[in-house]
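*Asks:* Take a look at this one; I'll ask things after.
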Amino acid sequence: MNVELNKREDACLLEYGAVDVDSHMEVRIAAVFVLLVLSAAGAILPLVAAKWKRIKLPTFFFFIAKYFGSGAIVATAFVHLLVDTSDTLTKPCLGGVWLEFPWAQAIVFMALYVIFLIDVLAHKNFQQHIRDCSCSESESNDGIEAVEDTTAGKLNGDLELDLKKQNGFTHTVDDYFSRELLMKKMLNCVILEAGVVFHSVFVGLSLAMSGTQFITLFIAICFHQFFEGMGLGTRFASIEWPKKYAYVPWLLGVVFSLSTPVAMAGGLGVRKTYSVASTTGLITTGVFNAACAGVLIYSGVSELMAADFIYSEEFRDKSMKTLLLALALFTLGAFIMSFLGKWA
């Protein structure tokens with residue numbers, strides 16, 4: 042068994058050929074900081090501009106960045122992740138069970154289905170909460186009317202309001218529906234972040250251990266990280282986060298900003314002992330990329346496309362021209378990110 046595993050390991054390394062991970066070392070080290078700045082600029086700048094009004098960015102900036110970034114994220118799922126994981130997990134050198142079953146597509150579907158279940162259960166929980174609150178509010182109103190009858194009109198509007206506050210019913214049903222929508226948007230941001238961040242980690246590792254194509258790959262990944270960051274950052278900034286969750290968008294932005302540069306720094310540190318071309322490296326990268334693809338495909342199609350363009354009220358009172366502009370931006374973002382798929 043060990044002999045067979047060693048043969049597969051050698052075959053994988055031979056297929057990739059010798060990789061000079063020490064070339065352009067000064068540029069590789071500088072790339073860590075360049076990627077940090079670009080990732081942070083994309084993810085954090087929209088949050089800063091939304092919070093501090095002194096930094097005056099025109100409204101159309103957020104509009105452009107949001108839909109352009111959405112297109113870039115969806116294209117990442119299909120062109121970058123789906124293609125890469127299919128190629129990685131079907132390498133002849135892996136042999137065995139990896140060539141007997143389409144594991145890439147299966148893992149993508151499993152990840153997509155898990156996220157679908159989480160979304161369905163969360164949606165059901167939000168709906169149940171709304172019904173409970175609505176029923177409780179109705180019972181409270183009935184009790185207030187009974188008190189009004191027995192006190193012969195002594196209960197005035199102020200006392201009625203006090204009773205409502207004492208029972209905790211100060212929101213309308215519309216408020217609860219708005220809260221449900223807000224919670225769903227917050228959950229979607231976290232799911233979207235998870236898919237992008239895990240992908241970004243392997244982007245950083247791959248860049249650190251790339252060979253002669255390092256410079257070309259580095260340039261492509263710079264654009265890749267900035268566009269993805271803008272897509273995430275503008276989406277985080279467009280949500281009115283409750284006070285107790287006000288730190289969350291900043292945390293998400295920082296985590297994304299650090300994911301690729303930290304992974305690249307770690308990759309440079311272990312470049313002599315770990316190889317992405319080994320069987321372990323190929324399987325690890327392939328499985329995680331497949332899982333990320335499933336997450337981003339579900340979030341991209343259901344939220345960034347269907348929810349934003351079809352079910353959202355954003356375009357209800359807007360002209361057809363505005364909708365077509367958003368679609369054009371989405372298409373442009375998807376096209377450019379797809380084009381970058383030639384190198385990264």
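Sequential numbering of the sequence shown, starting at 42, is according to my numbering. For glycine and all other residues, C-beta sits at the position ideal for the given N, C-alpha and C.
Distance check for F255 and Q169, CA to CA, integer angstroms please.
*Replies:* 52 Å
*Asks:* Alpha carbon to alpha carbon, what distance is there between F267 and E234?
*Replies:* When rounded, the distance between both Cα atoms is 14 Å.
*Asks:* Within the continuous alpha helix (DSSP H) that includes I351, where are the two ends?
*Replies:* Counting along the chain, I351 falls outside any alpha helix (DSSP H), and DSSP gives it neither H nor E.
*Asks:* Based on Cα-Cα distance, which residue from K94, A72, Y108 lies nearest to T275?
*Replies:* Just measuring C-alpha positions, the residue of K94, A72, Y108 sitting nearest T275 is Y108.
*Asks:* I need the DSSP call for G198, collapsed to helix, strand or coil.
*Replies:* Residue placement at G198 cannot be trusted, given a pLDDT of 46 that sits under 50; what the coordinates show is reported in the next sentence. Helix.
*Asks:* Between I338 and L153, which are expected to be in contact by the criterion C-beta below 8 Å, what is the C-beta distance as a whole number of angstroms?
*Replies:* 6 Å
*Asks:* Measure the alpha-carbon distance for F259 versus D160 and round it to whole angstroms.
*Replies:* 35 Å
*Asks:* Classify R276 as helix, strand or coil using the three-state DSSP reduction.
*Replies:* In the three-state reduction of the DSSP assignment, R276 falls in the helix class, which pools H, G and I.
*Asks:* Helix, strand or coil: which one does DSSP assign to H65?
*Replies:* coil
*Asks:* Could you check the C-alpha separation between E201 and D173 for me, to the nearest Å?
*Replies:* Annotation note: pLDDT 42 at E201 (below 50); position unreliable, coordinate value reported separately. Taking the straight line joining both Cα atoms gives about 21 Å.
*Asks:* Taking the alpha-carbon positions, what's the F297 to D358 distance?
*Replies:* 34 Å
*Asks:* For the 8 Å Cβ check, are there 3 or more pairs between the stretch 120–133 and the stretch 325–337?
*Replies:* yes
*Asks:* For T314, which option in A348, M250, A91 has the closest C-alpha, if you only look at C-alpha atoms?
*Replies:* M250
*Asks:* Can you give me the start and stop residues for the alpha helix (DSSP H) that V296 sits inside?
*Replies:* For V296, the uninterrupted alpha helix (DSSP H) run begins and ends at 289–310, by DSSP.
*Asks:* Taking C-alpha atoms, which residue in S319, E269, G308 lies nearest to A82?
*Replies:* Among S319, E269, G308, the Cα nearest to that of A82 is on E269.
*Asks:* With a 10 Å radius around its C-beta and 16 neighbouring C-beta atoms as the bar for buried, classify L364 as buried or exposed.
*Replies:* exposed
*Asks:* For the candidate residues I148, Q146, T131, whose alpha-carbon lies nearest to that of L140?
*Replies:* Selection I148, Q146, T131 evaluated against L140 yields T131 as nearest (Cα-Cα).
*Asks:* Does the structure place the stretch 234–245 close enough to the stretch 348–362 that three or more beta carbon pairs sit under 8 Å?
*Replies:* no
*Asks:* Leaving out the 5 sequence neighbours to the left and right, which residues in its chain are closer than 6 Å to A71 when beta-carbon positions are compared?
*Replies:* Contacts found: none.
*Asks:* In whole angstroms, what separates the C-alpha of V238 from that of T301?
*Replies:* 8 Å
*Asks:* Measuring straight from C-alpha to C-alpha, what distance separates V242 and M305?
*Replies:* 8 Å
*Asks:* Please classify W93 as buried or exposed, where buried requires at least 16 other C-beta atoms within 10 Å of its C-beta.
*Replies:* W93 should be labelled exposed.
*Asks:* Mapping DSSP to helix, strand and coil, what is E281?
*Replies:* coil
*Asks:* Closest by CA to L366, which one among M151, S319, I324, G112?
*Replies:* G112
*Asks:* Around the C-beta of M271, are 16 or more other C-beta atoms found within 10 angstroms, so that it is buried, or is it exposed?
*Replies:* buried
*Asks:* Tell me where the alpha helix (DSSP H) around D128 begins and ends.
*Replies:* 124–129
*Asks:* In chain order, which alpha helix (DSSP H) runs of at least 4 residues are fully inside the stretch 104–170?
*Replies:* 124–129
*Asks:* Report all residues from its chain with a CB closer than 6 Å to the CB of L77; omit the five preceding and five following residues, and keep chain order.
*Replies:* P302
*Asks:* CB I85 to CB G294, shorter than 7 Å?
*Replies:* Between I85 and G294, the gap from beta carbon to beta carbon is short of 7 Å.
*Asks:* For the alpha helix (DSSP H) holding V336, just list the boundary residues, first then last.
*Replies:* 320–340
*Asks:* What did DSSP end up calling I85 once you bin it into helix, strand or coil?
*Replies:* helix
*Asks:* In this structure, does DSSP put L368 in helix, strand or coil?
*Replies:* helix
*Asks:* With distances taken between CB atoms, is the gap from P87 to A278 smaller than 7 Å?
*Replies:* yes
*Asks:* Taking H164 as the reference, give the member of V138, L228, I105 with the closest Cα.
*Replies:* Relative to H164, the option among V138, L228, I105 whose CA is nearest is L228.
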